[in-house]
Structure formats: structure tokens, C-alpha cells
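The UniProt record's numbering numbers the first residue of the sequence shown as 1 and each following residue consecutively.
Cβ coordinates follow ideal geometry from the N, Cα and C atoms, glycine included.
Fair warning: this is a prediction, and the values are worked out from it, not measured in the lab.
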Amino acid sequence: GDNLKDFEDFDPLNSTVPATKIEVTVSCRNLLDMDTFSKSDPGKLSFVPFTVSFGRTEVIENTLNPDFVRKFVLDYFFEEKQNLRFDVYNVDMRSCNLSKHDFLGQIFCTLGEIIGSPGGRLERTLSGIPGKKCGSIVFTAEELSNCRDIATMQFCANKLDKKDFFGKSDPFLVFYRSNEDGTFTICHKTEVIKNNLNPVWQSFTIPVRALCNGDYDRTVKVDVYDWDRDGSHDFIGEFTTSYRELSRGQSQFNVYEVSCVRRNKKKTVSDLVTLLSFKVESEHTFMFFRTCILAFHSIGNPSQPTSLHYMSPYQMNAYAMALKAVGEIIQDYDSDKLFPAYGFGAKLPPDGKISHGFPLNSNTENPNCVGIEGVLEAYFHTLRTVQLYGPTNFAPVINQVARCAAEVTDGSQYFVLLMITDGVISDMAQTKEAVVNAASLPMSLIIVGVGPAEFDAMEELDGDEVRVSSRGRFAERDIVQFVPFRDYIDRSGNQVLSMARLAKDVLAEIPDQLMSYMKSRGIEARPPQPATSDPTSDPTIST
Numbered sequence: 001g002d003n004l005k006d007f008e009d010f011d012p013l014n015s016t017v018p019a020t021k022i023e024v025t026v027s028c029r030n031l032l033d034m035d036t037f038s039k040s041d042p043g044k045l046s047f048v049p050f051t052v053s054f055g056r057t058e059v060i061e062n063t064l065n066p067d068f069v070r071k072f073v074l075d076y077f078f079e080e081k082q083n084l085r086f087d088v089y090n091v092d093m094r095s096c097n098l099s100k101h102d103f104l105g106q107i108f109c110t111l112g113e114i115i116g117s118p119g120g121r122l123e124r125t126l127s128g129i130p131g132k133k134c135g136s137i138v139f140t141a142e143e144l145s146n147c148r149d150i151a152t153m154q155f156c157a158n159k160l161d162k163k164d165f166f167g168k169s170d171p172f173l174v175f176y177r178s179n180e181d182g183t184f185t186i187c188h189k190t191e192v193i194k195n196n197l198n199p200v201w202q203s204f205t206i207p208v209r210a211l212c213n214g215d216y217d218r219t220v221k222v223d224v225y226d227w228d229r230d231g232s233h234d235f236i237g238e239f240t241t242s243y244r245e246l247s248r249g250q251s252q253f254n255v256y257e258v259s260c261v262r263r264n265k266k267k268t269v270s271d272l273v274t275l276l277s278f279k280v281e282s283e284h285t286f287m288f289f290r291t292c293i294l295a296f297h298s299i300g301n302p303s304q305p306t307s308l309h310y311m312s313p314y315q316m317n318a319y320a321m322a323l324k325a326v327g328e329i330i331q332d333y334d335s336d337k338l339f340p341a342y343g344f345g346a347k348l349p350p351d352g353k354i355s356h357g358f359p360l361n362s363n364t365e366n367p368n369c370v371g372i373e374g375v376l377e378a379y380f381h382t383l384r385t386v387q388l389y390g391p392t393n394f395a396p397v398i399n400q401v402a403r404c405a406a407e408v409t410d411g412s413q414y415f416v417l418l419m420i421t422d423g424v425i426s427d428m429a430q431t432k433e434a435v436v437n438a439a440s441l442p443m444s445l446i447i448v449g450v451g452p453a454e455f456d457a458m459e460e461l462d463g464d465e466v467r468v469s470s471r472g473r474f475a476e477r478d479i480v481q482f483v484p485f486r487d488y489i490d491r492s493g494n495q496v497l498s499m500a501r502l503a504k505d506v507l508a509e510i511p512d513q514l515m516s517y518m519k520s521r522g523i524e525a526r527p528p529q530p531a532t533s534d535p536t537s538d539p540t541i542s543t
């Protein structure tokens, strides 16, 4: 078949699923009055990065406090920094040229900031006109309800074409959703049923957005193959359906004749695939995220250019770059923007005591730093005052965060521990036990390996191939995500793009890890906290 390479490489755990969709509602308050004899008529234009316009509101006449009806629907990716710009104009004439209208102000923010605000409501002050108070703009974000739908279905087949000369076929199904450009993307592959022309496949569950991207009438294509050991699977045929058809459940409408148009030959066997069952449920998705803990480590002398911690006057070192890339995204979801930050593997002043978990701000009573910039400031200050020193013990700092997580297991908080390290672990057995224990708590562990070292120990902790275990006990969940920093060094020198890719890869699994904890504990999402009308209040996300 034409798509053999596609589904051979298909990994259901790492496949691209369309983002959840967020509906953003916009209002403005106390806009600048540009009209002498009447109130301004505001119309609003919004932009994504690189000034690509994604829409305008309608014009509301004669008001300085418009509540726009037209909404913006955006794909949402937790792991990306989605920059937005909103411009407000006073419309004086019927023209699409913005230069013909009065500029009333603008705001820059991220989609994460809107979602991460109390009740999904963010109010910000407009700016852009020197010496003038431009008023404020209010955003409200809601997840589109059908993005939470999960479909479970089961299929069987009858009288499939016999492809094996010495036996019956070994059939399996491959599902594809159609794209806007007419191409197809694989979204599910069933198991192989050996030596059977009348197979009954196991039921499977798939997000509706992965099946049709929210468009219930969009074509879903299903290919039927006969499995071969050498990978040259024989194409039996195909049929098409849609989410709307499937949602009818078991019926005469969901019995499909398998067409074999690729072979250009007349079929003598009536291959049928039948939908046995179908149900759809609404699940809570990742729309609540509270607390993150940050930690850092390496060995080297920050005064030497060869050290991974070397502080160049011209650019940030690898540690700072990784921290900034990941931290700037996570901080949108932290309620107070206060980050406990630790270092480990160093001799501390004044007596040179070795520590495997010391606050970067030197305050043992309050290790919190204000924002990611505060963490960076504390990190650079610490490099000037401590002597980095081995051995490198991971377990103490993991256990330290785990103790915090163990105190809030009701779903109100979730902890993310970011460890930036050179890859040498001195206490591997204790670290594996710490990870196994932490897997039952509301926390995730992100490890960024810097430098040229081999990261075999980190790969083992990642647990993608084999779940981490300690003394015969396996981790309850996969909570570790590891990436080597060197894989993201852009030879063209585009550090911004490189760090965006790094952040995307290390954060991509966090939503599912959080949800796996909530599901395992039977924790339901709580009603949104009431939003404050104070535009200066700190953004947070409700749980």
C-alpha cells in the first residue's frame, strides 16, 4: 500500500493530535475617546507571531466599554509559548485599511497567560499612545466542549479476502483523519488478528479531535491490511465513514463494504467491516495547573570558559538558556509566580560544607524566587559564591519536592521538578527509588542534560522503553521526561527557535502526566474560581 511507511512508523503515544481548541472572548473598558461629538466605535484586530492576522471583531458603535460578540477560536498547545497581539481601533469610515482608523491601544500577551488566569479571565492595561490612558482589555478563555469528547468503538469483519497462499489472512485496520488540504493523517492502528477471515478487533478509545478535528462530517478513511512478517503488508481494501455516521452506533448504516480499487480488479469476495459498538464520553482535559518547583545542578568552575556554567558577558550558558525556555512557559500556570529554586552538588560558604539541596537565594526559610527572571538572578549570584563539587546526588532533591507534593494529594496542586544536569548520577539506586515513590504523587520530573557526557542513566530514568523500577517495584506512572541539550543547538545560531523546540519536547508530556494522576485518584476538575476584576492581580489557573 501507499501508506505502509506511515503506519509502520506510527506510535500512538507520540502521534500528533490536534490541539484542544480555546474560545477567547474580548471586552474593553474605559477606552480612549477619540471622537469629539460621539463615543468611539471600537473594532478590534488580533495578531499571532510574525503579524499574521487571525481575525477581527465586529464594530460596536458609540461605546467606550464594548463587549464583543465575535469570538476567536485558537488551537492550544500547552508546551508552546503562543504569543498574541491585540490592537484596538476606532472605526470612522468603511475601510479595511487600518491606517484609515484611529489607533486606541494594544496589548501583548500569551495564550497561556489567558488560560492561566483566575477563572480563565485576564485583564490588562492597553498601551501604545504616549501620555494617554488607553483603558483596559479583558479576555475570557473557555475550552470548546467537543474537544473533551473521547470515543470508544469496536469493529469486526466478515469474509475478508484471503491473501496468504498457505493460510488465512492476518488482518488489521488503519484509521486516517482527513486534513484541510485533502491529505490523510494516520490516527489509529488496531492489533493484528492472526489467521482469521472473520476477525473481531478489541475496542479502542480515541479523542474525537484526533479522529476528525472537531468536524463531525469530515471523512475518516479506514484501510484493511493483511499483516506480513517482512513488513510488506498486503492491502485488502478500504472504506470511508465519518464521526457523525459512527456515532449512530451499531446499525445498517455502519456496515461497510471494503473496496479494493488499488488493485484494479473485480472483487469476487464481499468483504464487510461492521461497527459493533460506539460510545462517546466527555473527559476533563488539561486545563488546570498550579505549582512548579525548579532545581539545577552541574559540576565545573564558572570562571572558566570550558565550564558548562561559564558566565559569558555576551550570551547565557546552557543552564540559563534551558531554564528560561522551559520556565517562561510553565510560569503562566503558577498562581503566585514564586518558584522555590535549589542547587545541588556544591561547597557552601563560609565553611565549605557539601550540600545536595541548597536554596539558590541562600534563604533556607524562604527559597522562593520571583518569576523566572528571579530564578536566573539567584542562579547567577550563586555561581559567584559557591564552589561546585561532586558527587552528584539526585535523590535528595527529588525527595525534597516529593515531600511537598505528598502534602497536597487532593488535586489542588501539581508539582514539576526541572533538573538541569551534566548527566553523571552518583546515587542511581536511590534516585530510581525516589522516582518510583514520586510516581504515586502529584509531580513530574523534567531532566535536561547539558554537556558532552553520555546520558545512559538519564535514558533509563525516562522510562519510555522500560518503566523505572526499584527493588522489584515499578513506577505507578511514567513521570520523567529527559532531553539532551546538545540535540537543540541550532548551527544557524537561532537560539530562540532552538529553545522553543526544547521547551516543546520536554513539556509535551506534562498534561497527560497530570491527567494520569488525577484519573488514578478519581479526582474531578473543580468549578473555576471566581475571577477578580482587579487588572493588576497575578494570573493563576483554577482547579
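Among residues of its own chain, excluding the 5 on either side of valine 69, which ones have a beta-carbon nearer than 7 Å to its beta-carbon?
Leaving aside the five residues that flank valine 69 on each side, the residues in its chain whose CB is nearer than 7 Å to its CB run, in chain order, Glu58.
Considering only C-alpha positions, which residue in the set Phe380, Asp215, Lys189 and Leu126 is nearest to alanine 318?
If we check each option's Cα against that of alanine 318, Phe380 comes out closest.
Do you know how far the Cα of isoleucine 150 is from the Cα of lysine 159?
Cα-Cα distance, rounded: 30 Å.
How big is the Cα-Cα spacing for valine 496 and arginine 403?
Valine 496 and arginine 403: Cα-Cα distance of roughly 35 Å.
Could you check the C-alpha separation between leucine 514 and leucine 122 for me, to the nearest Å?
When only Cα atoms are considered, leucine 514 and leucine 122 end up about 24 Å apart.
Would you mind sorting asparagine 366 into buried or exposed? The rule is 16 or more other CB atoms within 10 Å of its CB.
Classified as exposed, asparagine 366 has fewer than 16 neighbouring CB atoms from the shown chains inside 10 Å of its CB.
Beta-carbon gap between glycine 463 and aspartate 478 smaller than 8 Å:
Cβ distance < 8 Å, so glycine 463 and aspartate 478 count as in contact.
Hey, how far is the Cα of valine 88 from the Cα of phenylalanine 103?
Taking the straight line joining both Cα atoms gives about 6 Å.
Could you tell me which of Thr183, Lys432 and Asp410 sits nearest to isoleucine 398, measuring between CA atoms?
The candidate whose alpha carbon is nearest that of isoleucine 398 is Lys432.
Hey, is the stretch 351 to 364 in contact with the stretch 132 to 140, meaning 3+ C-beta pairs nearer than 8 Å?
Too few Cβ pairs lie closer than 8 Å, so no.
Does DSSP put serine 127 in a helix, in a strand, or in coil?
Residue state, collapsed to three classes: strand.
Beta-carbon proximity list for proline 396, same chain, < 6 Å, skipping 5 on both sides
The beta carbon of proline 396 is closer than 6 Å to those of His356 and Gly357 in its chain, skipping five residues each way along the sequence.
Reducing DSSP to helix, strand and coil, say where isoleucine 523 ends up.
Three-state result, isoleucine 523: coil.
With a cut-off of 8 Å on the beta carbons, I'd call threonine 205 and threonine 152 a contact; round off their distance for me.
In this structure, threonine 205 and threonine 152 form a Cβ contact; the two beta carbons are roughly 5 Å apart against a cut-off of 8 Å.
Measuring straight from C-alpha to C-alpha, what distance separates arginine 248 and cysteine 156?
Straight-line Cα distance between these residues: approximately 16 Å.
Can you find the residues in the same chain that come closer than 6 Å, C-beta to C-beta, to tyrosine 256, ignoring five residues on each side of it along the sequence?
So the qualifying residues of the chain are Phe239 and Val273.
Would the beta-carbon of valine 280 fall within 8 Å of that of aspartate 223?
No, they are not a contact pair.
Glutamine 252 burial status per 10 Å Cβ neighbour count (16 or more: buried):
Classification of glutamine 252: exposed, given that the 10 Å Cβ count is below 16.
Return yes when the Cβ of glutamate 143 is within less than 8 Å of the Cβ of alanine 508, no when it is not.
Judged by beta-carbon spacing, glutamate 143 lies beyond the 8 Å limit of alanine 508, meaning their Cβ atoms are not closer than that value.
Run of the alpha helix (DSSP H) containing methionine 458, from where it starts to where it stops
Counting along the chain, the alpha helix (DSSP H) containing methionine 458 begins and ends at 456 to 462.
Taking the beta carbon of lysine 519 as the centre, do at least 16 other beta carbons fall within 10 Å, making it buried, or is it exposed?
By the neighbour-count criterion, in which 16 or more other beta carbons inside 10 Å mark a residue as buried, lysine 519 falls on the exposed side.
What's the C-alpha gap between alanine 295 and alanine 341?
Confidence at alanine 295 is low in this model, with a pLDDT of 44, below 50, so the placement of that residue should be treated as unreliable; the coordinate-derived value is given next. Cα to Cα, the separation comes out at about 5 Å.
For the candidate residues Phe139, Asp226 and Leu197, whose alpha-carbon lies nearest to that of proline 66?
Per the Cα distances, Phe139.
Below 6 Å CB to CB, which residues in the same chain sit around tyrosine 216 once its five sequence neighbours on both sides are set aside?
Cβ within range, chain order: Tyr243 and Arg244.
In the structure shown, what three-state DSSP assignment does glutamine 106 receive?
In the structure shown, the three-state DSSP call for glutamine 106 is strand.
Specify the secondary structure class of glutamate 377 as computed by DSSP and reduced to three states.
Of the three classes helix, strand and coil, the one that applies to glutamate 377 here is helix, per DSSP.
When the distance is taken between beta carbons, is alanine 320 closer than 8 Å to leucine 388?
For leucine 388 and alanine 320, no; Cβs fall outside 8 Å.
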